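Visitor:
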Amino acid sequence: MKAKLLIINFLVVALFSGNSFAQKINVAKLDSVFQTLEANNKFMGSIAISQNGQLIYSRAIGYADIETLKRASPESKYRIGSISKMFTSALVFKAIDENKLTLDKTIDAFFPSIENARKITIGNLLNHRSGIHNFTDNPDYLKWNTLPKSEKELVEIITNGKSDFEPNSKGQYSNSNYVLLTIILEKIYNKPYKTLVEKYITKPLRLKNTYLGNKINLSDNECYSYKFDDKWVKESETDMSIPLGAGAIVSNPSDLALFIYDLFSGKIISEKSLRQMTTIEDNYGKGIFRFPFYEKVLYGHTGGIDRFTSTLSFLPEDKISVALTSNGSNFSNNTIMIFALSCLYDKPFEIPSFKVINLTSEDLDKYLGIYSSIQIPLKITFTKSGNKLIAQATGQSSLSLNASDKNIFKSADGSIVIEFKPEIMQMTLKQGGANFVFTKE
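Right under this line is the structure:
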């Protein structure tokens, strides 16, 4: 699953500038963030922050199981979705370090029936440049994702999906790549993927809460996932025989924080392999992404399966790990990660307020129109749908805004604030600690 970007996609680099590092996290402010999210049914889940492999903050809110009112704890375990790809990539590079594979080896020896198999390499699978169609995008996927599938059936589904583009011509995310990598690993080691994860990662690193998932087991401290529809509603479970190394691992934030720290400390793969893993091409590394925060660069991955969402990141220069897992979210994980990092690096942000005031359709008329700014090359058009104000930035998806006070509107997660001054035909966009003034055309 891909996170929906908010209104100002291109401002990421512009907003992330500055330089400071606070050794001590602002615990009180971060606690307030989670208290606010829980009180407004915006998030259920857990976070862990560590430095040099040592935990410096952890928090869990919400429920592992709403029916029995079983509360989540920092030890609760979650399906981590595509963060599993980091584990799979690490195992592939482990195989490369052991001379069992090479990045330029083509996959025709493993999957001769797959279109372009003679052109597609292990490296192409790792950095999503294979062209192989993403089977989870198939229109019928949600009709069978809760049913078990064999290796033969998965390969057949992926083969029938054919290719979306010529191998190595561009990058495009595909879960199919990592299902195939899982099968390749099992073939070259002649061992199940589950055993490989245990042998090369979880046992050596002493990750006691990380393993290939199965049916959710509450008695083993696992969580169900939920969507929010006026109340939390339990989601169905993907059968874990389907995502395999693309998304079937279960873990918790403290284990994930240690995993990524040890990965970058050379405890899983060689320094050469880590450099190859973190080389970015068309926004994709090999099982890893790169994220900006002010002047800093983080490496990690996001994940989503059923209603579980997760984010894992690492700042190599400060040896900071941040892991966030959720089993129910009505809020942006990316925004929560920014809040957490801001509490570490003493950056300004406002704790979200979810106060909403009701306006009539006529009340919105004075805000409608096209606004432009001399500060940034972006126009924002405001329209209405009933009694909702809708904002749409140039080239981006529309965003519904809630009125929180007179002339003030916010995005659902509170990360974007729009303050109008109708009398002078201006509005100010506030995001990430920066203010941008726009004038109505």
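The sequence shown maps to residues 178 to 618 in the working numbering. Note that CB positions come from ideal geometry on N, CA and C, so glycine has one too. Everything numeric in this text was worked out from a predicted model, so none of it was measured.
Do you know offhand how far PHE559's Cα is from ASN217's?
Guide: So the two alpha carbons sit approximately 27 Å from each other.
Visitor: Would you tell me roughly how many angstroms separate the C-alpha atoms of ASN507 and ARG248, rounded to the nearest one?
Guide: Their Cα atoms are separated by approximately 18 Å.
Visitor: What does DSSP give as the partner residues of ILE547 in its beta bridges?
Guide: DSSP lists THR558 as partners of ILE547.
Visitor: With three or more beta-carbon pairs closer than 8 Å as the criterion, would you say the segment 273 to 280 touches the segment 241 to 259?
Guide: At 8 Å Cβ cutoff, the stretches do not touch.
Visitor: Between the beta-carbon of ILE154 and the beta-carbon of LEU382, is there less than 9 Å?
Guide: It is not possible to answer for residue 154, since the shown part of the chain is limited to 178 through 618.
Visitor: Could you give the DSSP three-state label for VAL410: helix, strand or coil?
Guide: Reduced to three states, the DSSP call for VAL410 is strand.
Visitor: Please state whether DSSP places SER498 in a helix, a strand or coil.
Guide: The answer is strand: DSSP assigns SER498 an E or B state.
Visitor: Are there 16 or more other CB atoms within 10 angstroms of the CB of ASN293, so buried, or fewer, so exposed?
Guide: It is buried - the Cβ of ASN293 has at least 16 other Cβ atoms within 10 Å.
Visitor: Excluding the 5 residues preceding and the 5 following GLU412 in the sequence, name in chain order all residues of the same chain whose CB lies nearer than 7 Å to its CB.
Guide: Once the five neighbours on either side are set aside, the close Cβ partners of GLU412 are SER402, TYR403, LYS404, ASP483, ARG484.
Visitor: Considering only DSSP beta bridges, list what THR622 is partnered with.
Guide: This structure leaves residue 622 out entirely; the chain is present only between 178 and 618.
Visitor: Cβ atoms of TYR370 and THR359: under 9 Å apart, would you say?
Guide: Yes; because the gap between Cβ atoms is below 9 Å, this pair is in contact.
Visitor: Per the DSSP calculation, GLU375 is bridged to which residue(s)?
Guide: Per DSSP, none; premise fails for GLU375.
Visitor: Taking only the alpha-carbon atoms, compute the straight-line gap between GLU330 and ASN337 and give it to the nearest angstrom.
Guide: Cα-Cα distance, rounded: 11 Å.
Visitor: Between which two residues does the alpha helix (DSSP H) holding SER575 run?
Guide: That residue, SER575, is in no alpha helix (DSSP H); its beta strand (DSSP E) goes 575 to 582.
Visitor: For TYR370, write down the residues that DSSP places opposite it in a beta bridge.
Guide: In the DSSP output, where bridge partners are listed per residue, TYR370 has none listed.
Visitor: Using 9 Å as the threshold, is the C-beta distance between ALA309 and ASN354 below it?
Guide: Here the sequence assigns Ile to residue 309, which means Ala is not the residue at that position. It is a contact, given that the beta carbons lie within the stated cut-off.
Visitor: Under 6 Å Cβ to Cβ from LYS617, same chain only, skipping five residues before and after it: list those, please.
Guide: For LYS617, where only same-chain residues beyond five positions count, the Cβ hits under 6 Å are GLY546, TYR548, MET602.
Visitor: Among the residues of its own chain, which have a CB less than 6 Å from the CB of ILE497, if the five just before and after it don't count?
Guide: The answer, listed in chain order, is GLN228.
Visitor: So, using beta-carbon positions, are GLY610 and PHE531 closer together than 9 Å?
Guide: Cβ distance not < 9 Å, so GLY610 and PHE531 don't count as in contact.
Visitor: Could you round the C-beta distance between PHE287 and ILE361 to whole angstroms and report it? I think they count as a contact, below 8 Å.
Guide: Right, their Cβ atoms sit about 5 Å apart.
Visitor: Where does GLU252 sit, in a helix, a strand or coil, going by DSSP?
Guide: Three-state result, GLU252: coil.
Visitor: Look up SER223 in the DSSP assignment and say whether it is helix, strand or coil.
Guide: Strand.
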